[in-house]
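>
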Amino acid sequence: MGNSTIYSKIIYTIHTEIELSRWIAKYPAGKVFLVTEETVDKVWVQKSDAFFQSAGIKKVVILSGENNKKIDSVLKIWEFLSKNGGDRKSLVINIGGGMLTDLGGFAASTFKRGCDFLNVPTTLLSQVDASVGGKTGINFNGLKNEIGTFQEPVAVIINTNYLTTIDAENLKSGFAEIIKHGLIHNPKHLADCKNFDLNKIEYQALQQLISDSVGVKSWFVSNDPTEKGIRKALNFGHTVGHAFESFAMQMQTPIQHGYAVAYGMIAELYLSAKKCGFPVSEMDELARWLIQLYGKFETEESQFEALFELMTHDKKNESGRINFTLLTVVGKIAIDQHCEKALIFEALSYYRNL
Ligand SMILES: NC(=O)c1ccc[n+]([C@@H]2O[C@H](COP(=O)([O-])OP(=O)(O)OC[C@H]3O[C@@H](n4cnc5c(N)ncnc54)[C@H](O)[C@@H]3O)[C@@H](O)[C@H]2O)c1
Ligand SMILES: [Zn+2]
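With the first letter of the sequence shown counted as 1, position 316 gets the number 315 in numbering that gives the first Met the number 0; the numbers rise by one all the way through.
In structure tokens form, the structure reads like this:
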């Protein structure tokens, strides 16, 4: 840690098995293990059962869904590794969305004080976000990502074929993080997002967007692996976004993470305009575009207090102040921006009245 390099090798391919073979060959026979989850197993992994069996690789299948990103699932993976002769020289292959790569990464990074793992992310969100950056973890005590480690996978294999079976909402959710990467670092990347048609997906163009987006995330992570400074850029849209996400969950009308981030980015663009001089006309134009893509989460003014309260619990706050990452222009960030409650309410009103 602290070294400015991304250790994971990021590989773009439409032939997962060929790439996996190269990595499997680097580890002793019988020391490579496969972790996946039910849905991904049925839709994709079972197609490769013969490949894994012939390589002597055993598989453990976890239940799908965020509520299985928990300690019981970690126990299941540890037990599986332990019973089948896993050791510090082992490789764990995680195939699934962000839930599974966070979980499998955590189990591997703690097993025998840590063995190697390799991620094969199968959702757009996990390809552009969860698979890069070395954060692993599980939810605990009702708190998201409460327990975790920093350990990079030895490799990440990104195959856009997997995205052909995820639903439109899921895809859009991941797309919000791609937009965020454009906003915080790269105007050209943002322009490419605007030109991309989510209703008629062109997978070649999508792969280019994914690799540009991973490039942006890698840049911030390499320069600040443990989030002491500029890596906070990646939190743009997330302070307000997480509040929307938790609020929607409490109201029993959950919204997907990327949608919440899109709504959060609108409010935080407003804060950026007020505090950091972000151009107002561009803020309006971006807000309209995001609303067009993601629709709107309807809120009442009477709910602002509850949303604010949720923001005060954000992990990124320091000494009781709500800390925002804001923008001065597209591509330039300002970290550790403290905003007063009244201004945050104004930003929520701006969003509400759009
Ligand atoms: N480590 C990080 O830096 C980081 C960053 C962002 C998000 N995350 C984590 O990622 C998780 C969210 O990831 P997610 O959105 O990928 O959720 P997910 O892994 O739960 O996948 C979403 C749904 O899609 C299904 N699915 C996955 N791949 C599929 C495929 N190819 N075809 C059909 N269905 C498929 C899953 O079974 C699940 O029902 C959260 O736990 C979040 O905390 C981690
Ligand atoms: Zn996010």
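All C-beta atoms in this analysis are idealised placements derived from N, C-alpha and C, irrespective of residue type, glycine included.
Taking the straight line between their C-alpha atoms, what separation do you get for A261 and K75?
The alpha-carbon atoms of A261 and K75 are separated by roughly 35 Å.
> Work out the CA separation of Y293 and E244 for me, nearest whole Å.
Roughly 14 Å between the two C-alpha positions.
> Quick one: grab the DSSP three-state call for A154.
Here A154 sits in strand by DSSP.
> Please state if the CB of V119 and the CB of I156 are separated by a distance shorter than 8 Å.
Yes, Cβ-Cβ distance for I156 and V119 is below 8 Å.
> Would you report the Cα separation of I332 and L326, rounded to the nearest angstrom?
Whole-angstrom Cα-Cα distance: 4 Å.
> Here's the rule: buried if 16 or more other CB atoms are within 10 angstroms of the residue's CB, otherwise exposed. What is I254?
Under this definition I254 is a buried residue.
> Do the CB positions of T122 and G96 come within less than 8 Å of each other?
Cβ atoms of T122 and G96: closer than 8 Å.
> Where A266 and W218 are concerned, what is the direct C-alpha to C-alpha distance, given to the nearest angstrom?
Distance between the alpha carbons of A266 and W218 is about 25 Å.
> Please report the residue range of the beta strand (DSSP E) in which D86 lies.
Note, D86: premise wrong, no beta strand (DSSP E); not H, not E.
> Quick check: does the Cβ of M98 come within less than 7 Å of any heavy atom belonging to ligand 1?
M98 Cβ: within cutoff of ligand 1.
> In whole angstroms, give me the CA-to-CA distance for H237 and K187.
Whole-angstrom Cα-Cα distance: 22 Å.
> Give me the Cα-Cα distance between S130 and P278, rounded to the nearest whole angstrom.
Going from the Cα of S130 to the Cα of P278 covers about 33 Å.
> Can you give me the start and stop residues for the beta strand (DSSP E) that K179 sits inside?
Counting along the chain, K179 falls outside any beta strand (DSSP E), though it belongs to the alpha helix (DSSP H) covering A167 to H184.
> My output table needs one value for Q249: the three-state DSSP class, helix, strand or coil.
Looking at Q249 - three-state DSSP - the assignment turns out to be helix.
> Run the CB neighbour count on G181, radius 10 Å, all protein chains shown included, and call it buried at 16 or more, exposed below.
Looking at its Cβ environment, which holds 16 or more other Cβ atoms inside 10 Å, G181 is buried.
> Taking all protein chains shown into account, do 16 or more other C-beta atoms lie within 10 angstroms of the C-beta of L162, making it buried, or fewer, making it exposed?
Buried, by the Cβ-count rule.
> Can you tell me which of the three DSSP states H312 falls into?
Note: H312 maps to coil in three-state DSSP.
> Closest to L99 by C-alpha separation, out of Q126, K25 and S20, would be which residue?
For L99, the nearest C-alpha among the options comes from Q126.
> So for E281, helix, strand or coil by DSSP?
If DSSP states are grouped into helix, strand and coil, E281 belongs with the helices.
> For a test of your reading of the model: does the CB of H312 fall under 7 Å from any non-hydrogen atom of ligand 2? Yes or no.
For ligand 2, not one heavy atom lies less than 7 Å from the Cβ of H312.
> For ligand 1, I want to know if E345 counts as a neighbour, meaning its beta carbon is within less than 7 Å of at least one of the ligand's heavy atoms.
Flag unset: Cβ of E345 not near ligand 1.
> What does the alpha-carbon distance come out to for the pair S108 and E145?
The alpha-carbon atoms of S108 and E145 are separated by roughly 16 Å.
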